[in-house]
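In what follows, a structure is listed as structure tokens, so that the remarks can point back to it.
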Amino acid sequence: NAGVTQTPKFQVLKTGQSMTLQCAQDMNHEYMSWYRQDPGMGLRLIHYSVGAGITDQGEVPNGYNVSRSTTEDFPLRLLSAAPSQTSVYFCASSSRAGTDYSYEQYFGPGTRLTVT
Amino acid sequence: GIQVEQSPPDLILQEGANSTLRCNFSDSVNNLQWFHQNPWGQLINLFYIPSGTKQNGRLSATTVATERYSLLYISSSQTTDSGVYFCAVESGGSNYKLTFGKGTLLTVNP
């Protein structure tokens with residue numbers, strides 16, 4: 210299994226540009242989420258999905274859109290990039306089925322985004 | 628929302644030393660996880676431990692849910708243990724939302 214994959218690894222955008230961060234998992238997990246990590250802070254939840262066709266907002270959703278058309282993919286869209294969105298973005302997946310261990314979150318390698 | 632506080636914020640050890648990291652949370656939880664972020668940024672799940680005690684090699688964790696805290700023990704530390712340790716919790720009413728603490732930065736010197 211590849212686990213959770215993210216592309217690109219690095220990205221530089223100009224203010225006002227839009228882009229999509231890709232996330233995919235091959236573990237058949239129903240739950241997927243996006244976090245951002247800023248210096249000196251923990252991870253903050255942006256959006257999450259509990260299954261295909263179902264998404265909801267996290268702690269810091271403004272400026273981001275998501276959709277979940279398949280179990281495997283959960284892209285994050287930046288509509289009009291701003292310098293405040295400079296951050297490292299992590300995608301994660303987990304499952305609620307089966308044993309306790311399936312609650313564990315698996316993270317992708319992250320995307321480092323700089324907005325100038 | 629639920630508050631998560633981790634202590635200490637920074638910790639420097641000599642190789643071979645033991646350490647205890649603490650996570651306090653402000654509400655009852657149905658999900659608590661410890662993560663290690665290595666110096667290259669990769670996040671690895673260490674424990675899913677909403678209550679009780681678990682051990683995995685040199686690491687162990689204990690959560691006392693009634694007193695709203697969790698402890699992560701690292702014994703015989705190695706330089707590869709360096710990185711940031713995060714505690715993350717999901718409160719009963721938050722429906723899949725994990726809230727992270729700010730982490731403990733651990734540096735293990737040879």
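The listed protein sequences correspond, in order, to chains A and B. In this text, residue positions in the first sequence follow our numbering: the first is 210, and each later residue adds one. In this text, residue positions in the second sequence follow our numbering: the first is 628, and each later residue adds one. From the three backbone atoms N, C-alpha and C, an ideal C-beta is built for every residue, glycine too.
In this structure, DSSP gives residue 708 of chain B a helical state, which the three-state scheme calls helix. Taking C-alpha positions only, residue 732 of chain B is separated from residue 682 of chain B by approximately 21 Å. Secondary structure note for residue 240 of chain A: its beta strand (DSSP E) is the uninterrupted segment 240 to 246.
Here the alpha carbon of residue 684 of chain B sits roughly 29 Å from the alpha carbon of residue 241 of chain A. At a cut-off of 7 Å between beta-carbon atoms, residue 313 of chain A makes contact with chain B.
At least 7 Å separates the CB of residue 681 of chain B from every CB of chain A. Close to residue 670 of chain B, with beta-carbon spacing below 7 Å, are these residues of chain A in chain order: 299 and 316. For residue 290 of chain A, there is no enclosing beta strand (DSSP E), as DSSP gives it neither H nor E.
By the Cβ neighbour-count rule, residue 258 of chain A is buried, with 16 or more other Cβ atoms within 10 Å of its own.
Using a Cβ-Cβ cut-off of 9 Å, residue 658 of chain B is close to 312 of chain A, given in chain order. Taking a C-beta distance under 7 Å as the contact criterion, residue 285 of chain A and residue 243 of chain A qualify as a contact pair. Per DSSP, residue 283 of chain A lies in no beta strand (DSSP E) segment and is marked neither H nor E.
In the assembly as shown, residue 211 of chain A is an exposed residue. Its beta-carbon has fewer than 16 other beta-carbons within 10 Å. By alpha-carbon distance to residue 638 of chain B, the top candidate from B:709, B:725 and B:654 is B:709. Per the coordinates, the alpha-carbon of residue 277 of chain A lies some 21 Å from the alpha-carbon of residue 313 of chain A.
The straight-line gap separating the alpha-carbon atoms of residue 645 of chain B and residue 704 of chain B is approximately 6 Å. Taking a beta-carbon distance threshold of 7 Å, residue 251 of chain A counts as an interface residue toward chain B.
For residue 236 of chain A, there is no enclosing beta strand (DSSP E), since its DSSP letter is neither H nor E. Scanning chain B for C-beta atoms nearer than 9 Å to the C-beta of residue 319 of chain A yields 668, 669 and 670, reported in chain order. Between the alpha carbons of residue 729 of chain B and residue 217 of chain A lies a distance of about 26 Å. Rounded to whole angstroms, the separation of the alpha carbons of residue 696 of chain B and residue 324 of chain A is 38 Å. For residue 218 of chain A, there is no enclosing beta strand (DSSP E), since its DSSP letter is neither H nor E. The beta-carbon distance between residue 290 of chain A and residue 224 of chain A, rounded to whole angstroms, is 6 Å. This is short enough to meet the 8 Å contact definition. Contact annotation for residue 723 of chain B against chain A: 240, 257 and 259 [CB-CB distance below 7 Å, chain order].
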